[in-house]
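Be aware that the sequence shown starts at 1, since it is given in my numbering, and climbs by one per residue.
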Amino acid sequence: MAKPSGVRLADSGPTLTEIEQPTRERESVGRLDHLARFWDLVLHLAQRETSSRHRFTLLGWTWPLARQLAQLGVLVFTFSHIVKLEIPDFPAFVFSGLIAWAWFASSLVTATGSVVANRNLAFQSGFPIAVLPAVAVAVPLLDVFFALPVLAVLLATAGELHATFLFLPVILVVQLVLMTGIAWLFATAQVFLRDVQNFVTLLLLVLFYVTPVFYDRSSVPDQYQWVLLANPMTTLIEAYRSIFLDGSLPAAKPFAILALVSIGVAALGYAVFRRSEDGFVDEL
């Protein structure tokens with residue numbers, strides 16, 4: 001029978017739209033809650049790792065700083081007295097690059113083998129294995145914080161301590177996101193092919209020399225500029241030097257592109273890791 005004109009049917013429950021709206025809200029809250037728990041676990045494991053990492057050593061957490069200072073001394077002596085690059089404030093110039101590079105290199109090597117090295121955790125039902133590479137990236141960030149006061153002294157001595165230093169957290173977050181995405185990709189590959197960690201070590205050795213850590217990109221011939229520009233660490237190191245040495249914010253377009261690329265790499269890395277982790281147990 002046709003419904004009489006102007007007569008409203010009796011309520012038969014909420015409409016589809018009314019059902020979907022709370023469902024979407026619950027899903028959004030659930031994703032945020034999952035993300036919060038994920039990073040809480042990362043911080044907890046990172047704290048545990050940092051407390052035990054140098055427990056029985058004499059220098060403790062100053063060992064990473066000691067390595068950076070030793071490398072700084074060698075580079076400054078070599079390129080100030082033997083092969084002169086004529087770069088103003090060369091110690092601060094090099095150290096600002098070393099801080100970013102040391103975090104990048106040390107964390108990726110450790111993160112690549114993090115799942116294999118912590119197979120006991122991977123075997124635990126319900127444990128979010130994706131946390132392991134993220135922890136390996138987060139732990140060396142403490143080395144950066146130990147090195148920053150030394151850099152601040154170098155900059156203050158040269159009279160170049162700028163307010164743009166306050167932009168540092170933004171650059172650190174971009175580098176953290178980029179490295180976490182790469183870590184997920186390398187850690188996945190390492191589970192299925194144990195040569196990957198050795199390959200990463202070799203790759204980083206080569207990459208160090210095509211990253212402007214101890215030289216200025218402007219000194220590189222034009223035909224090779226594309227090699228440096230294809231390296232995301234070039235943009236990152238130049239961003240650090242902009243705020244530390246030049247007293248200016250990083251170039252907007254390259255840095256914005258790098259931030260978007262970092263988000264894309266992190267999303268890709270996480271997707272590949274989650275898609276592959278069901279097969280980890282058989283390989284471990």
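Beta carbons: idealized from backbone N, C-alpha and C, even for Gly.
Task: Buried versus exposed, by CB contacts within 10 Å (16 or more), Q68 - done: buried
Open item on the list: Nearest by alpha-carbon distance to L176: which of L154, A102, V153 is it?
Closed with: A102
TODO: Could you check which residue in P133, P232, V261, M233 has the C-alpha nearest to that of T112?
DONE: P133
Open item on the list: Using the Cβ count rule (16 or more neighbours within 10 Å means buried), how would you classify E238?
Closed with: buried
TODO: Leaving aside the five residues before and after S242 along the sequence, list all residues of the same chain whose C-beta is less than 6 Å from its C-beta, in chain order.
DONE: S248, P250
- [ ] Buried or exposed for R26, please, with buried defined as at least 16 other CB atoms from any protein chain shown within 10 angstroms of its CB.
- [x] Low per-residue confidence applies at R26: pLDDT is 49, beneath 50, and the placement is therefore not dependable enough to give any value.
- [ ] Take K253 and list the residues in its own chain whose beta-carbon comes closer than 8 Å to its own, dropping the five residues that flank it on each side.
- [x] none
TODO: Could you tell me whether the stretch 114-133 touches the stretch 256-264, where touching means 3 or more Cβ pairs closer than 8 Å?
DONE: no
- [ ] Please confirm whether V200 and V109 have their CB atoms less than 8 Å apart.
- [x] yes
TODO: Determine, using beta carbons only, whether L228 and V220 come nearer to each other than 8 Å.
DONE: yes
Open item on the list: What would DSSP say about V213, mapped onto helix, strand or coil?
Closed with: In the three-state DSSP reduction, V213 falls in the coil class, being neither helix nor strand.
Task: Residue of F165, P140, S125, I87 minimising C-alpha distance to P149 - done: Residue F165 is the option with its Cα nearest to P149.
Task: Three-state secondary structure (DSSP) of L268 - done: helix
Task: Alpha-carbon spacing of V174 relative to A267, whole angstroms - done: 13 Å
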